[in-house]
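Colleague:
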Amino acid sequence: MERYIFYILAAIIIVSAIASVTSKKMLRSVIYLLFTLCGIAGIYFLIDYNFLAAIQLTVYAGGIIVLIIFSVVLIHHIEMELEVAKLSKKIITGLACAIGLGVFLTTIYSHQFNVVENFNSTTTEQIGLKLLSYEAGGFILPFEVISILLLASMIGAIVIAKGKKLTDKNESK
Amino acid sequence: MIAGISIYEILTVTSILFFIGVYGFLTRKNLISILMSIELILNASIINFVVINKYLYPDMLQGVVFSIFIIAVAAAETALAVAIIINLYRQIASVEVKDTEIMKY
Numbered sequence: 034m035e036r037y038i039f040y041i042l043a044a045i046i047i048v049s050a051i052a053s054v055t056s057k058k059m060l061r062s063v064i065y066l067l068f069t070l071c072g073i074a075g076i077y078f079l080i081d082y083n084f085l086a087a088i089q090l091t092v093y094a095g096g097i098i099v100l101i102i103f104s105v106v107l108i109h110h111i112e113m114e115l116e117v118a119k120l121s122k123k124i125i126t127g128l129a130c131a132i133g134l135g136v137f138l139t140t141i142y143s144h145q146f147n148v149v150e151n152f153n154s155t156t157t158e159q160i161g162l163k164l165l166s167y168e169a170g171g172f173i174l175p176f177e178v179i180s181i182l183l184l185a186s187m188i189g190a191i192v193i194a195k196g197k198k199l200t201d202k203n204e205s206k
Numbered sequence: 020m021i022a023g024i025s026i027y028e029i030l031t032v033t034s035i036l037f038f039i040g041v042y043g044f045l046t047r048k049n050l051i052s053i054l055m056s057i058e059l060i061l062n063a064s065i066i067n068f069v070v071i072n073k074y075l076y077p078d079m080l081q082g083v084v085f086s087i088f089i090i091a092v093a094a095a096e097t098a099l100a101v102a103i104i105i106n107l108y109r110q111i112a113s114v115e116v117k118d119t120e121i122m123k124y
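Protein sequences, first through last, are from chains F and S. The first sequence lines up with residues 34 to 206 when you count with the numbering used here. The second sequence lines up with residues 20 to 124 when you count with the numbering used here.
#1: Is DSSP giving Lys163(F) helix, strand or coil here?
#2: Please report the distance separating the alpha-carbon of Ala131(F) from that of Phe38(S).
#3: From this set, Leu184(F), Glu150(F) and Ser104(F), which residue's C-alpha is nearest Ala194(F)'s C-alpha?
#4: Report yes or no: do the region 118–130 of chain F and the region 65–85 of chain F share at least 3 C-beta pairs separated by less than 8 Å?
#5: Looking at the unbroken alpha helix (DSSP H) that takes in Pro175(F), where does it start and where does it end?
#6: Do the region 71–84 of chain S and the region 40–47 of chain S meet, that is, are 3 or more Cβ pairs less than 8 Å apart?
#7: I need the DSSP call for Asn49(S), collapsed to helix, strand or coil.
#8: So, at 6 Å on beta carbons, what are the nonlocal neighbours of Gly40(S) in its own chain, with the 5 sequence-adjacent residues on each side left out?
#9: Using a Cβ distance threshold of 8 Å, determine whether the region 61–80 of chain S contacts the region 145–154 of chain F, with at least three qualifying pairs required.
#10: What separation, rounded to the nearest whole angstrom, lies between the Cα atoms of Lys163(F) and Phe146(F)?
#11: Can you give the Cα-Cα distance for Leu50(S) and Ala100(S), rounded to whole angstroms?
#12: Cutting at 6 Å between CB atoms, please list the residues of its own chain near Ala66(F), excluding the five before and the five after it.
#13: Does DSSP put Glu168(F) in a helix, in a strand, or in coil?
#14: Starting from the beta carbon of Ile57(S), find every residue of chain F whose beta carbon is closer than 8 Å, and list them in chain order.
#15: Listed from N- to C-terminal order along the chain, which residues in the region 142–161 of chain F have their beta-carbon within a distance smaller than 8 Å of any beta-carbon of chain S?
#16: Between the region 98–118 of chain S and the region 158–175 of chain F, do at least 3 Cβ pairs fall closer than 8 Å?
#17: Return the CA-CA distance between Ile101(F) and Glu28(S), expressed in angstroms with no decimal places.
#18: Hey, how far is the Cα of Arg109(S) from the Cα of Leu107(F)?
#19: Report the option in Ser113(S), Thr31(S), Ala94(S) and Thr119(S) whose CA atom is closest to the CA atom of Ala185(F).
#20: Can you list the residues of chain S that Gly127(F) reaches, using a CB-CB cut of under 7 Å?
#21: Just the C-alpha distance for Ala63(S) and Val63(F), rounded to the nearest angstrom, thanks.
#22: When the Cα atoms are used, what is the spatial distance from Asn83(F) to Val92(S)?
What follows is the structure, encoded as structure tokens:
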């Protein structure tokens, strides 16, 4: 049963990722990205890590997608068509990506992983204790660093996006 | 771990997702589309962190904790990038890569 769910999720992820990078309409490509992110959240549910699935749905599907949609509708018309790359460039890039994928897959399939058979589930309690633990192997320092980073990026985003009024030089453009 | 699914199959899916992101990064000409391709690449790496933790070291929590940090960094990066793109659009009225060649006016 879980096998089939995984294959369905993988198909959704890959098909909508391909549609997202090849679609000519901007807004459609964002919505395809949303499907990809929801499929990835499904994989986290399947692997018994519900906390990360919830984070994925709220931060990515709820936050980042909305932010990108906002910037798209602020900057473009909804029906705007994207400029597409030349066919030769597409073919060369696709070829390079296929070669890279081949290298990755041969490396992965020739490596012997020591898989441990287990069905542990990660609870939110474990994650919280690990994040706030200051003993050996605890994550209190990265946690604080991330909170400083989020504060700094929030202030930076406000300062950058506020900007200055258009000067004469820019208006003449 | 997922019953009946080996680690190879999941790593195959994430590798394909990663290279779809690379393809979009190289062929798109629009800053917002490039940002979306970066999201695909980051998501592929997050799945890898979680899956390798869950399959190979089930008693540890390092991989699953670091995936949360990656998501936080990705959210900060996206917020800053969108701010820069909006500011850029005000200055030169375009978000195409070929038009953005000046760092400062």
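Backbone N, C-alpha and C define an ideal beta-carbon position, used for all residues, glycine too. Quantities reported herein were computed from a predicted structural model and do not represent experimental measurements.
Modeller: So, to answer that:
#1: Position 130 of the first sequence holds residue 163(F). Reduced to three states, the DSSP call for Lys163(F) is helix.
#2: As a working mapping, residue 131(F) is identified with position 98 in the first sequence. As a working mapping, residue 38(S) is identified with position 19 in the second sequence. Cα to Cα, Ala131(F) sits roughly 8 Å from Phe38(S).
#3: Here residue 194(F) corresponds to residue number 161 of the first sequence, with the count starting at 1. Across the set Leu184(F), Glu150(F) and Ser104(F), the C-alpha of Ser104(F) shows the shortest separation from the C-alpha of Ala194(F).
#4: No, the region 118–130 of chain F is not in contact with the region 65–85 of chain F.
#5: Working through the first sequence from its first residue, we reach residue 175(F) at position 142. In the DSSP annotation of this structure, the continuous segment of the alpha helix (DSSP H) that includes Pro175(F) starts and ends at Ile173 to Lys195.
#6: The answer is no - the region 40–47 of chain S does not touch the region 71–84 of chain S, with fewer than three Cβ pairs under 8 Å.
#7: Against the second sequence, residue 49(S) aligns to sequence position 30. DSSP places Asn49(S) in strand when its eight states are reduced to three.
#8: In the second sequence, the residue the question calls residue 40(S) occupies position 21. Around Gly40(S): Ser56, Leu59 and Ile60.
#9: Yes, since at least three Cβ pairs between the region 61–80 of chain S and the region 145–154 of chain F fall closer than 8 Å, the two stretches touch.
#10: Mapped onto the first sequence, residue 163(F) falls at position 130. Mapped onto the first sequence, residue 146(F) falls at position 113. Whole-angstrom Cα-Cα distance: 26 Å.
#11: Locating residue 50(S) in the second sequence gives position 31, counting from the first residue. Locating residue 100(S) in the second sequence gives position 81, counting from the first residue. Each residue's alpha carbon lies about 9 Å from the other.
#12: The residue labelled residue 66(F) in the question sits at position 33 within the first sequence. Residue identity differs from the one stated: residue 66(F) is Leu in this sequence, not Ala. Excluding residues up to 5 positions away in sequence, Ser53 lie with their Cβ nearer than 6 Å to the Cβ of Leu66(F) in the same chain.
#13: Walking along the first sequence from the start, residue 168(F) turns up at place 135. DSSP places Glu168(F) in the coil class of the three-state scheme, outside both helix and strand.
#14: Here residue 57(S) corresponds to residue number 38 of the second sequence, with the count starting at 1. Residues of chain F with a Cβ closer than 8 Å to the Cβ of Ile57(S) do not exist, since the nearest Cβ in that chain sits about 11 Å away.
#15: When CB distances to chain S are screened at a threshold of 8 Å, the residues of the region 142–161 of chain F falling below it are Tyr142, Phe146, Asn147, Val148, Val149, Glu150, Asn151, Phe152, Asn153, Thr155, Gln159 and Ile160, in chain order.
#16: Under the 8 Å Cβ criterion, the region 98–118 of chain S does not count as touching the region 158–175 of chain F, having fewer than three qualifying pairs.
#17: The count along the first sequence starts at 1 and reaches residue 101(F) at position 68. The count along the second sequence starts at 1 and reaches residue 28(S) at position 9. Between the C-alpha atoms of Ile101(F) and Glu28(S) there is a straight-line separation of about 31 Å.
#18: Counted from its first residue, the second sequence places residue 109(S) at position 90. Counted from its first residue, the first sequence places residue 107(F) at position 74. Cα to Cα, Arg109(S) sits roughly 11 Å from Leu107(F).
#19: Within the first sequence, residue 185(F) is the residue found at index 152, counting from 1. Of Ser113(S), Thr31(S), Ala94(S) and Thr119(S), the residue nearest in Cα terms is Ala94(S).
#20: Within the first sequence, the letter at position 94 stands for residue 127(F). Going along chain S in sequence order, the residues near Gly127(F) (Cβ under 7 Å) are Tyr42.
#21: The sequence position of residue 63(S) within the second sequence is 44, counting from 1. The sequence position of residue 63(F) within the first sequence is 30, counting from 1. In this model, Ala63(S) and Val63(F) are separated by some 17 Å (Cα to Cα).
#22: As a position in the first sequence, residue 83(F) is number 50, starting the count at 1. As a position in the second sequence, residue 92(S) is number 73, starting the count at 1. C-alpha separation (whole angstroms): 20 Å.
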